[in-house]
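Colleague: This note's numbering applies: residue 2 is where the sequence shown begins, and numbers increase by one. Ideal placement from N, C-alpha and C gives every residue a C-beta, glycine not left out. Once you've had a glance at the structure underneath, I'll fire off some questions.
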Amino acid sequence: MPCMKWIVPSGKPQIFPIFKKITSIGSSGGNDVCLKSESLADYHAQVIFDGRDFNLSEVDTRGRILINGKKKRRGRLVHNDRITLGDLELQFSLYDEAAQERDDNAEAATELSGLRKLYDFSQRLMDLKSVADLLEALMDAVIEVTAADKGFLILVDDGGPRVAVARNLDQQNLSEGGRHLSDSIIQRVMQTRRPLIVSDALHDADFKSSQSVMNLKLCSVMCAPLISQGQLLGILYVGNDNVVNLFEEDSLDVLSIFAGQASLILQNALLLDSLKTDFNELKQRFEADRFGEIIGSCASMQEVFRTVEKIAGTDISVLVTGETGTGKELVARAIHQRSPRAKKPFVVINCGAIPENLIESELFGHVRGAFTGAVATRSGKFQQADGGTLFLDEIGELPQALQVKLLRALQERVVMKVGDTKNERIDIRVVAATNRDLEHEMKEGRFREDLFYRLNVINIHLPPLRERGDDVQVLAKFLLDKYAELYGSKVKGLTPNALIAIRKYDWPGNVRQLENRIKKAVVMCDKTLIGVEDLDMLPEAMIPIQTLAQAREDFQRRYILEVLERNNGNRTKTAQDLGVDPRTIFRYLEREPAAKASGEG
């Protein structure tokens, strides 16, 4: 079919077939050949076929027409004539160049089809929930794009090749997939790492004598390696059993293109599967490290958990010690929840948060008229906890006058309301907690020794967050997930620098301080990852790391002073115990005032 080719200077030529007796050319959309250019008239020219010749004639007298460089108003066209309309260059052809171009681009079109299939397949990946589904979908797409009867995805790992997917044309799984494969063909591809086509296996010079080819009576096979970053991940293997459907080289090109792109998808899928496996393992470890509401995997926390398990079933008194914010109440709850009293009340009273003149009423209750404002009889925390557990937080803050009454209540298991004259029997378990050094408080006369020993039958000491190693990062991630979900935040995680900063920070406020920082960052951060600046943990806020020499010096000083105290200040005895010259003791004592003045010690 004759055609008109528009030669575009900076692009691909456009071809317009000439199939009518009169073909109009111009810039208006109503033309058979519409060429958008300001140099063309709306209806510039026309091609007229008179049954024998094609003639070009002007329509608008203002339009410029050149045929082979000569200005004409009308002229006969022959094959390959060059035509100038306005500023545009065209070429007339008696043959269908569009059809010829389609033939020239057949291979490209086939490749494009393969890539389109790959694109469609990639879009479907979003709906697949497992790697197994993904691999089956990959194999179905390969079979479709190569027009194969069956296909196999072979993964290569330390154990050698294994069939991961075996599918047929009907998108069904083939049983005993490995039975359909040629070992010699697979080995060739694994060794060369290059695509391979065996168009007619039974008559192929290289493979016709192969035992697997003869036994399987293979007709046509194609294989392409799946390689990513130099690593052989697997092999795409497709086959046809009918001699009328033998694979050709074009099919191998399509398979190779598909395999090249599918390698990336497969690697990401396997990596994702590995990450999911690691995540599940970490989740299991996390649950194993979790003790009720407490999270911890360091040795000191594991020892806490073991102690709680041992004592929970008894009514023995427990004293939980540790810095502020270490989770003392959580330990008390864990003891209660694992005890026979779990279904009874768990009552908390903070001895440091109640005014001294009201704390007795809070603990033991009061009767109406017992004091100004006592308008009704009211039970105290002891009565409310009857049958359950009473948690006395910050017990070190309890006034000494109340310490005596508390000791009596613990010893005799009876309490008396303020203003009342009769005792009430109670059945409770007491768990107390403090961030103070109660032994020091006893020496200073601020805490009763008999009450201390009544409460401190079992001592559980919670380590500060700075001594719990990687627990701080696990806690940070747990708290981030918790508050991101609670507040509907888009935050998904922490930057690597934020994790490093969290690990290095001293955390004087312990878990409570970490929780508050994370909560604030989740609310205020506009990014998906929380950074150091979101946690207010810029370098200047970090505690500097001491040199080894300085750390050794500080330890020696503290240890000498501790032994000196045990020896009641006897420097000679201290030097003998430590095996040093007495002058060493004097040297450290001289430094002590300076250390205290600088905030050490």
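1. Just to confirm, are A354 and H367 a CB contact at a threshold of 8 Å?
2. When you compare each of V321, N358, R430, V305 to P341 by their alpha carbons, which one comes out closest?
3. How many angstroms separate the CA atom of I266 from the CA atom of V190?
4. Give me the residue from V458, R469, R513 with the minimum Cα distance to S318.
5. I believe D61 touches H45 by the beta-carbon criterion, under 8 Å. Please report the beta-carbon distance rounded to the nearest angstrom.
6. For Q1, name the three-state secondary structure that DSSP assigns.
7. Is the number of C-beta pairs between the segment 479-489 and the segment 299-312 that are closer than 8 Å three or more?
8. When the cut-off is 8 Å and only beta carbons count, does Q412 lie next to chain C?
9. Helix, strand or coil for G235? Go by DSSP, reduced to three states.
10. What span of residues does the beta strand (DSSP E) with P162 cover, start to end?
11. Do three or more CB pairs link the segment 464-475 to the segment 421-439 at distances below 8 Å?
12. Quick test of your reading: L466 and K329, contact by CB under 8 Å. State the CB separation rounded to the nearest angstrom.
13. What is the rounded straight-line gap between the Cα of T378 and the Cα of N424?
14. Is it true that the segment 521-538 meets the segment 550-560, where meeting means three or more beta-carbon pairs spaced less than 8 Å apart?
15. Assign R567 to one of three DSSP states: helix, strand, or coil.
16. Kindly identify the DSSP beta-bridge partner or partners of E59.
17. Which of the three DSSP states is assigned to F306 in this structure?
18. In angstroms, rounded to a whole number, what distance separates the CA positions of K21 and L182?
19. To which residues of the same chain is I8 closer than 7 Å at the C-beta, ignoring the five residues directly before and after it?
20. Hey, quick one: how far does the beta strand (DSSP E) through M5 stretch, first residue to last?
21. Indicate whether L170 and I198 have their beta-carbon atoms separated by less than 8 Å.
22. To the nearest angstrom, report how far apart F392 and G489 are at their CA atoms.
23. Over the uninterrupted beta strand (DSSP E) stretch that includes D394, give me the two end residues.
24. For I519, which residues from the same chain have a beta carbon less than 7 Å from its beta carbon, with the 5 sequence-adjacent residues on both sides left out?
25. DSSP three-state label for K329, please.
26. From the DSSP secondary-structure annotation, give me the bridge partner or partners of V512.
27. What are the boundary residues of the beta strand (DSSP E) that P226 is part of?
28. Is V349 helix, strand or coil when you go by DSSP?
29. Does the beta carbon of V405 fall short of 7 Å from some heavy atom of the ligand ATP?
30. Exposed or buried, which one is I23 when buried takes at least 16 other CB atoms within 10 Å?
31. Distance check for K491 and N460, CA to CA, integer angstroms please.
32. Considering only C-alpha positions, which residue in the set G326, A335, A260, E304 is nearest to I295?
33. Using only alpha-carbon positions, find the residue among T315, G314, F292, L136 that is nearest to L227.
34. Should V405 go down as buried or exposed, given a rule of 16 or more other Cβ atoms within 10 Å for buried?
35. Can you tell me whether D134 is helix, strand or coil according to DSSP?
36. Among A149, R74, L253, whose alpha-carbon lies nearest the alpha-carbon of N241?
Modeller: Taking the structure as given:
1. At least 8 Å separates the beta-carbon of A354 from that of H367.
2. R430
3. 20 Å
4. Ranking V458, R469, R513 by CA distance to the CA of S318 puts V458 first.
5. Between the beta-carbon of D61 and that of H45 there is about 6 Å, and that keeps the pair under the 8 Å contact cut.
6. A query on residue 1 cannot be resolved here, the shown segment of the chain reaching from 2 to 602 and no further.
7. no
8. Structure shown: chain C not included; a single protein chain is present.
9. strand
10. 161-169
11. Result no; under three Cβ-Cβ pairs closer than 8 Å.
12. 13 Å between Cβ atoms; not a contact.
13. Their Cα atoms are separated by approximately 15 Å.
14. Segments in contact, no.
15. helix
16. A46
17. helix
18. 57 Å
19. Excluding the 5 residues flanking it on each side, I8 has same chain C-beta neighbours closer than 7 Å at P14, E90, L91, Q92, in chain order.
20. Here the beta strand (DSSP E) through M5 covers 4-7.
21. no
22. C-alpha separation (whole angstroms): 34 Å.
23. 390-394
24. A477, L480, L481, Y484.
25. Assignment of K329 by DSSP, reduced to helix, strand and coil, places it in the helix class.
26. Answer is none; V512 lacks a bridge partner.
27. 221-229
28. strand
29. The ligand ATP is absent from the structure shown, which contains no ligand whatsoever.
30. exposed
31. 42 Å
32. A335
33. When each option's Cα is compared against that of L227, the closest is L136.
34. exposed
35. helix
36. Residue nearest to N241 within the set A149, R74, L253 is A149 (criterion: CA-CA distance).
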